[in-house]
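Enquirer:
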Amino acid sequence: MQLLSLALKNVLRYRHRTWVTVLAMAFAGAIMIFYAGLFEGWMGAMETNAVSMEMGEMQIHAQGYRDDPDLYTVIPDYRRVIRQAENSGLIASPRLLGGGLAAAHENSTGVSIRGIDPRAEEQVVLLQNHVFSGSWLSATDAKQVVLGYQLARILDVRPGSEIVLVAQAADGSMANDLFTVQGVLKSVGQGIDRGGLIMGDRDFREFFALPEGVHEIVMKRADNGVLLEQATKKIAELVPDLEVNSWRELQPTLARLLDLSDVSMIIMLLIIYAAVGMLTMNAMLMGVFERIPVFGVMKAVGFSGCRLFGLIFSETLLLVTMAAVLSLALGVPLSYYFERHPIDFSFLLPESSTIAGIAFEPQWYCRVTAGSVVMPVVFLYIVALLAVLYPAWKAAVISPVKAIHHI
Amino acid sequence: MKLHVMALRTLSRNKRRTLITSFSIAFGIFLAVTFTGTGDYSYTSMINTSAVMGLGHISVAAEGYNERPSLSRWLPDMDRVRKKALMIDSVEGAYPRIMGQAMFAAGAKSVGGMFMGIDPVLEKPAHNFFLRSIVEGELFDTVDGRGAVIGVEMAEKLNLRLGKKLIVTVTDKDGELTSELLRISGMFKTGDHDADSSIVLLPLARMQQTLKYGTGGVSFVAVHVDDLRAVNRVRREINGSLTGAGNVEVLTWRQTQADLSGLIAVDRLFNYLMQLLVGLVIAAGIMNTMQMSVLERSREFGIMMAVGMAPGQVVRMVLVESFWLGCLGIVMGIVLTAPWFIYMSETGIDMSSYVGRDYSAGGVLVDPVVKIRLFRESAFFILITVFLLTMAASVYPAIRAGRVLPVDTLKDSTF
Amino acid sequence: MVTKRSMALSVCFFIALHCAVMDPVSAGEDNGRLRAREVLEKIDDLWRSSSSKARLQMEVKTEHYTRTMIMDSWSKGRDMSLVRIVLPLKEKGTVSLKNGNTMYTYLPKTDRVIRLTSGMMMGSWMGSHFTNDDLVKESRLSDDYEPEITFEGIRDGEDIIEFALLPHHDAPVVWGKIVITVRADDYLPVDSLYYDEDMILARTLTFSDVKEMGGRLIPVVLHMVPADKPDEYTELIYLQVDFDIGLPDSLFSIMQLRGM
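Protein chains in written order, with the working numbering: chain C, 1 to 407; chain Y, 1001 to 1415; chain P, 2001 to 2260.
1. Along the chain, which unbroken stretches of the beta strand (DSSP E) at least 3 residues long are found entirely within the stretch 198-241 of chain C?
2. I'd like to know if C/M174 contacts chain P, where contact means its C-beta is closer than 8 Å to some C-beta of that chain.
3. Against P/T2102, what residues of chain C qualify as contacts under a CB-to-CB distance less than 7 Å, listed in chain order?
4. Can you say whether P/S2096 is buried or exposed, counting buried as having 16 or more other CB atoms within 10 angstroms of its CB?
5. Taking a Cβ distance cut-off of 9 Å, strictly less, list which residues of the stretch 1234-1263 of chain Y are near chain C, in chain order.
6. Give me the Cβ distance between C/S88 and C/K234, rounded to the nearest whole Å; I'm assuming they're in contact under 8 Å.
7. Along the chain, where does the beta strand (DSSP E) containing P/Y2187 start, and where does it finish?
8. Counting only beta-carbon separations shorter than 8 Å, does C/L228 have a partner in chain Y?
9. Take every Cβ of the stretch 291-310 of chain C, pair it with every Cβ of the stretch 395-403 of chain C, and state whether three or more of those distances are shorter than 8 Å.
10. Could you name the residues of the same chain whose beta carbon sits closer than 7 Å to that of C/V125, not counting the 5 residues immediately before and after it, in chain order?
11. Contact criterion: CB-CB distance below 8 Å. Does Y/E1067 meet it with respect to chain A?
12. Taking only three categories from DSSP, how would you classify P/A2020?
13. I want to see whether chain P comes within less than 8 Å of C/L137, judged by CB atoms only; does it?
14. Three or more C-beta pairs closer than 8 Å, one from the stretch 1222-1240 of chain Y and one from the stretch 323-338 of chain C: is that the case here?
15. Let's see if you can read the secondary structure: which residues bound the alpha helix (DSSP H) around Y/G1262?
16. Under a CB-based cut-off of 8 Å, is C/V166 close to chain P?
17. P/V2060 CB to nearest chain C CB: under 8 Å?
18. How big is the Cα-Cα spacing for Y/I1384 and Y/G1217?
19. Among all the DSSP beta bridges, which residues are the ones paired with Y/V1221?
20. Measuring only between beta-carbons, confirm whether P/K2098 sits less than 8 Å from chain C.
21. Closer than 8 Å between beta carbons: that is the criterion. Which residues of the stretch 1171-1199 of chain Y meet it against chain P?
22. Taking CB distances under 8 Å as the criterion, tell me whether Y/R1146 reaches chain P.
23. Pull the bridge partners of P/A2164 from the DSSP assignment, please.
24. Write down the C-beta distance between P/R2284 and P/Q2240 rounded to the nearest angstrom, noting that I regard them as a contact closer than 8 Å.
25. Looking at the unbroken beta strand (DSSP E) that takes in Y/F1140, where does it start and where does it end?
26. Would you report the Cα separation of P/N2099 and P/K2061, rounded to the nearest angstrom?
27. Name the two residues that bound the continuous beta strand (DSSP E) containing P/F2243.
28. Among Y/E1063, Y/L1131 and Y/S1322, whose alpha-carbon lies nearest the alpha-carbon of Y/L1201?
29. Could you spell out the range, first to last residue, of the alpha helix (DSSP H) harbouring C/F34?
30. Report the three-state DSSP secondary structure of C/R114 (helix, strand or coil).
31. Mapping the DSSP letters down to three states, classify C/Q144 as helix, strand or coil.
32. Which of the three DSSP states, helix, strand or coil, is assigned to P/V2210?
33. Return the Cβ separation of C/S173 and P/E2091 in integer angstroms, given the expectation that the two are a contact with Cβ distance under 8 Å.
34. Report the residues of the stretch 1263-1276 of chain Y with a CB closer than 7 Å to any CB of chain C, ordered along the chain.
35. Let me see if you follow: with CB-CB separation under 8 Å, is C/D156 close to chain P or not?
36. With DSSP run on the structure shown, which of helix, strand or coil describes P/L2251?
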């Protein structure tokens, strides 16, 4: 206690030095907290981001559908499957998939038609947030479609335009009908951009004469705390006769790409830590070594090596604590600001939400978590105390005469 | 001169401090070189890979082709465009190509896909990824022959082997359906699923006939340059040389590969943000060091000023000190970074065990070997930025040193 | 994807009919080929018809559905044909037109005419086992194949002639070989087998139930089985045919489609 008050006295006396050291450390600490927040925001977010655009975290198909997509390869009792999914902590949305021909004016092109229940779909994916013009499908309007960005350009249509769809229906007849373009999506990935056409599930069933079954069920976890692999395994066991895949299995390249970006974020985190560590070490070393002559005098007047060691440690502790408080005061609000106002890089991606053909929300959120705040602070303490170990020990053992002539 | 001597003396007196500070500057240089270098390398290699998938660095196409690629839009006079382009400085190659949708059939099986009509005499493997990726057979040798080079996955789907026939059905320029018989002369495997299952190379002149384009009609001319930084200039020059040609669009990879362009822009933004944050920490460290060193010597400065040294001179002295600190840091940085740089630019780190060989981004195959390449501009930029950062970080401590009041400092015995 | 096979007649007729429209025999060919052409020319004489009108019934059976349709068809020369659906009611009025190498579909429900592009050629026609590609190609049999008699005599108690049609070296056709069998006495087709380039059978067409219709003797039932799905088939039955009726070219134009 006595040491601590002495340390406090020292810290207050050398006001300038204290401020210089504390401010530098606090600044570095704040940047570390900010970066840790960005890091937390990045990890997993790009994944969630890419997955939640339209792929979902998991998909269920009938056996063989993925190898050979066929209008008839359906999940017959999909309502039961969805109930099971919901009972095991998942949110699910059924999809109907088919191929056809879209024509407008003099243009025509092949399209992939997707029938969805807009209310269920909105719970699982975010495509509805990426409408470029017009609006997303409503649950009540009939004969409306939303189509991909490129597709709209190929057909030369805009919201309000009419398009003709032609396809082979499940009963072998030639399905054909007029639809109104409700909305055009932003660029959200090559598949949907070039040939994606989305309509309500009732329209789809009528158009394709397919009264029962669905081709795909997309799901996501209600609670992100549950591991993806576990959740996938759990639902797979409940529906053994169907094919269940997590997005990692559906898009292995994307999974690897995101893993790689996570690794590079970890490397960056380590680099920031290293830079902060170097700064803190330098500050501490300077602070102690430069005062060795003073310590010599103290020893000469009877201050023991042990107490000196303790004093230096206490001083360091006080300095770091001040720096930690300041860096929290600086870093946490900064992080919170970027949690509310993400770094928006959509200006780099005009009219589009894709990077590398993967649909993204072009925003980078900072995320303040216990880890993103505590870890940098703990790190500050550890580095500072380790850095001061050597000079403190040196000050403790040095002979007073030598110390006075030090430097 | 005297200031320089004094500054150097101060630096050498505080060896530990000088070393740690200049090391942190060196560390900054090391990081900046690594990050900028991997960026410069991977962007260049991605752009080049995307260019060799067909469109080139610059493509000269019929107006609207890029917006809505269709066989009904074509460029009538490829030879003129090609010749003009080849006369421009930095242009390494210009290739007339036709690209469009087609149906490919063999026996009872058929698939839809894209064809790329090329002139086998003009094409070079360096500028055409598919030629580089031929794993079986070879490229057809005549421009009006009936050879075809097909992706391995499509070959499997259609159950095709070398020498077998492939029926290509396209909609010609008048909208009429026409079919053409070709024989498989080779197969390519790029590793990219989309390319391997949907692209077929066909002889250019044969397709010109089929589509009724007449000789000289192509979808676009793909232009390759030797240095990506020349792209905009070359584009302007091509544009200039074609004035009056009408209905022609000269586009760079940024327009034709907008996805890739976005990817690079975002990655670059992240990269700069990281470098900025690390740079700030390093600058704070330098500032801290200079501030401490100034504080510690305030008594010294007080005496100096008491004996008649102007405050401006004190400020200069501190700045000169940080100038030398910066220089030392840069030298250390170069020494530290050089071996790493040489290793990384020549050998690189092979990430293929981690990402796999067939890894594509922005629809472009990415080289799984991470290497470093630094443009001269980038290198200068890093050195100058680091140096300026060092100087900027010591401006405040220097000014403080100049503000020291002689009397005050002399009173304070400890500092 | 659905599009039209514009000539219901073509399947039955064009095989026989247009094989016959051969180039003049050139010197130096062997006897088999010469004879093949002679026979085919006779068949041609027999079947030559500048125009026709027919009513057909089509039955398609697949793993997933069975459907029956009634349609009217008109044809003129080798390049023009038109098919209009009469039943089922849901598709009534759907028309498909082939004129030269271009095909159109008229959809009454949406009142639109759609022109087929290359990407749609692999689509099934009316849910049958024929593709649009079959149609366009069928009319070119004579241009694209070289006939040769491979068998003449009694087979299964019937006197027949068997031709092998081998594609010309540069002909843009998917098949490796087509084997057509006709009756020796009246040259009516019995069956035709389609092989791919590896000489593996891809599908079989069988002609049966020879009757007099429209003043001629023709097999009124045509049965097609894809080799990889032996349980499925498409069957065309002629209900009525008239030959050599004067049809104006204007009938086969897009203008006419809507009016029908």
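Where a beta carbon is used, it is the ideal one built from N, C-alpha and C, also for glycine.
Expert: In short:
1. 216-221
2. yes
3. The premise fails here: P/T2102 is roughly 13 Å from chain C at the closest Cβ pair, so nothing lies under 7 Å.
4. buried
5. A1258, D1259, L1260, S1261, G1262 and L1263
6. 5 Å
7. Looking at the DSSP string, P/Y2187 is not in any beta strand (DSSP E), and its letter there is neither H nor E.
8. no
9. yes
10. S52, M53, E54, G56 and V218
11. Looking at the structure shown, chain A is missing, and the protein chains on hand are C, Y and P.
12. Reliability of the predicted coordinates at P/A2020 is poor, the pLDDT of 35 falling under 50, and the value obtained from them is presented with this limitation in mind. Correct three-state label for P/A2020: coil.
13. no
14. no
15. A1258 to E1296
16. yes
17. yes
18. 51 Å
19. Y/V1060 and Y/P1096
20. no
21. T1171, G1175, E1176, L1177, T1178, S1179, E1180 and L1181
22. yes
23. P/E2148 and P/V2179
24. For residue 2284 of chain P there is no data in the structure shown, the boundaries of chain P being 2001 and 2260.
25. Looking at the DSSP string, Y/F1140 is not in any beta strand (DSSP E), and its letter there is neither H nor E.
26. 29 Å
27. Y2233 to F2243
28. Y/L1131
29. R15 to W42
30. strand
31. strand
32. strand
33. 6 Å
34. L1263, A1265, V1266, L1269 and M1274
35. no
36. helix
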